[in-house]
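Per our numbering, the sequence shown starts with residue -17, numbered consecutively.
Quick reminder that beta carbons are idealized off the backbone N, C-alpha and C, glycines included.
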Amino acid sequence: MRDESKTCLNCGAGEDETPVVMWRYQGREFWMCAECLPIIIHKREQLMVKWPPTDAAQQTQN
Ligand SMILES: [Zn+2]
């Protein structure tokens, strides 16, 4: 059973495909896969164009 909440914020890979790690930012939790970790370390501005996560944005609107 795929858990959609545990998918990489950057590439969308799930924990069934690759190791993912939970991070926290601005009070929200998100997941990043091992392959995308260099992006959050070295190119965070590139990742932040996807921030906040879509599901969190929808909750805000509700
Ligand atoms: Zn990824």
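- Would you call the CB atoms of Met14 and Val31 closer than 9 angstroms? no
- Beta carbon of Met14: closer than 8 angstroms to some heavy atom of ligand 1? yes
- Would you mind reading off the limits of the alpha helix (DSSP H) that contains Glu27? Arg26 to Leu29
- Near Cys(-10), what residues of its chain come up, given a Cβ to Cβ distance below 7 angstroms and the 5 sequence neighbours on each side ignored? Val2, Trp13, Met14, Cys15 and Cys18
- Looking at Thr36 and ligand 1, is the gap between the Cβ and the nearest heavy atom below 8 angstroms? no
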